[in-house]
Amino acid sequence: MKTIRTTRAMAAWSERLRREGVTIGFVPTMGALHDGHRSLIRAARLRSDALVVSIFVNPSQFSPTEDLSTYPRPITNDRALCREEGVDVCFEPTAQALYPQGFQTIVTVPALARRWEGAARPHHFTGVATVVTKLFGIVRPNLALFGQKDYQQAALVRQLVEDLNLGVAIQVRPTVRERDGLAMSSRNIYLSADERRIAPLLFQALRAGQEMIEGGISDVAMIEQIMCQTMEQAPTIHVEYLAVCDPNSLEPLSVVADRAVLLGAVRLGSIRLIDNRPVKIPGRKSRTTR
Ligand code: AMP
C-alpha cells in the first residue's frame, strides 16, 4: 500500500491508472477507522480495480466550538486497517495542501443542508460538500462509497454529484452497529462508561418509531411522541431532534405512507450522536405538510 500526501502525486497516480482503463474506487474518511469504515472499504474493494481511501480531518466542516483539535487521529492503526483490507493508496493530504493561501471556492447544497445536522451545525455541510468535490477532483474515482449512518450527508453528496455532473457513481452502505444497536462512530470512544450504557437508546427510539410505522401507524405526532418517550428513560440525554422525514427531500412529514426516514440526534455530555432508520411500506403514499 502506498501513502500519498500531495494532491499532485494523488492526481498523477489516478490519471495513470485511468489511462490504463483501471476503475478506481474511493472511500473518503476522517480516519479513526472502525468496522463501519471497513464495510465501505470491503464493498469498494469488490467493485473496483484500484482502491483509494482518504484520511483527512477536514477543518472546514467543524465549527470553532467543535472537536477539531481533539478528533481522534490513530494514523498507524488506520494504515494497518487499510493494508489489511487491500487498499492501494491511503491519501493523507494536509489542510494546507487542500486549502492553500488564496483558496476561495465553496460548494453548497442549500435545500438538503437546511434542516437537521445543517441547522445544528452551521457551515458543516458546506465544508463537507466542498471537500468531497475537491477530493473527487483530485482522485477522479469511478465509484465512491458513503455510509447510511450519515444519511443527510449521503443525500447531499448524491445531489451535488448530479448537479455538478461529476460522473462518480455513489453507493450508500448500511450502518454498522455495535451488538446493542449503537451506530459505530469514531467519537464513541469519548463516551464515559455511563454514557456508553445509555447511548443505544437513540437506536431504540428510532426502532420504536420504525415499528410503529411498519405496524400501520401513520400519524407523525404519535410516532414522534413515542420516540421522545423512549429517550425519557435517560434524562441525561438531551434530544436535539427526532423526526419523521421524506427520505429524499428530508422535509418533515405529517403523515407517513409508503416511505420515510427517521432521523435523530442527541447530546450526551459533550458528545453528539446521530442515527437514522429508513422505513418502507409498500402500497401507501406519504404527505409533506410542515
Ligand atoms: P467519517 O470518517 O466519520 O467522516 O466517515 C467516513 C465514511 O464512513 C462516511 O461515509 C460515513 O457515513 C461512513 N461511516 C461512519 N460510520 C459508519 C457506520 N457505523 N456504518 C457505516 N458507515 C459509516
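When we follow the numbering used here, the leftmost residue of the sequence shown carries the number 11, and every step to the right adds one. Beta carbons: idealized from backbone N, C-alpha and C, even for Gly.
Excluding residues up to 5 positions away in sequence, S49, L50, A53, L155, F156, G157 and Q158 lie with their Cβ nearer than 8 Å to the Cβ of R183 in the same chain. In the structure shown, N87 falls within a helical segment according to DSSP collapsed to helix, strand and coil. Within 10 angstroms of the beta-carbon of S280 lie fewer than 16 other beta-carbons, which makes it exposed. A distance of 8 Å or more separates the beta carbons of M241 and V230.
Rounded to the nearest angstrom, the Cβ distance from V171 to I180 is 6 Å, consistent with a contact under 8 Å.
A distance below 8 Å separates the beta carbons of R89 and T13. Counting every other CB atom within 10 Å of its CB across the protein chains shown gives F113 a total below 16, marking it as exposed. Counting only runs of at least 3 residues, the segment 108-196 fully encloses the following beta strand (DSSP E) elements, listed from N- to C-terminal order: 153-157 and 179-183. Shown here, H47 sits in a helix according to DSSP, grouped into three states. Within its own chain, the residues whose Cβ lies closer than 7 Å to the Cβ of E95, once the five positions on either side in sequence are excluded, are R48, I51, R52 and R55, listed in chain order. D256 and A60 have their alpha carbons spaced roughly 36 Å apart. Distances taken from the Cβ of T143 to the heavy atoms of the ligand AMP include none shorter than 7 Å. In terms of Cα proximity to R287, the closest of S228, L278 and Y161 is Y161.
DSSP places F213 within a helical segment (H, G or I) once states are collapsed to three. Annotation for I291: no beta strand (DSSP E) segment contains it, and DSSP assigns it neither H nor E. With a cut-off of 7 Å, the C-beta of V117 is classified as distant from the ligand AMP, since no heavy atom of the ligand falls inside that distance.
A check of alpha carbon separations from I247 across S264, V97, D190 and S202 identifies S202 as the nearest. Y81 carries a coil assignment under DSSP once its states are collapsed to helix, strand and coil.
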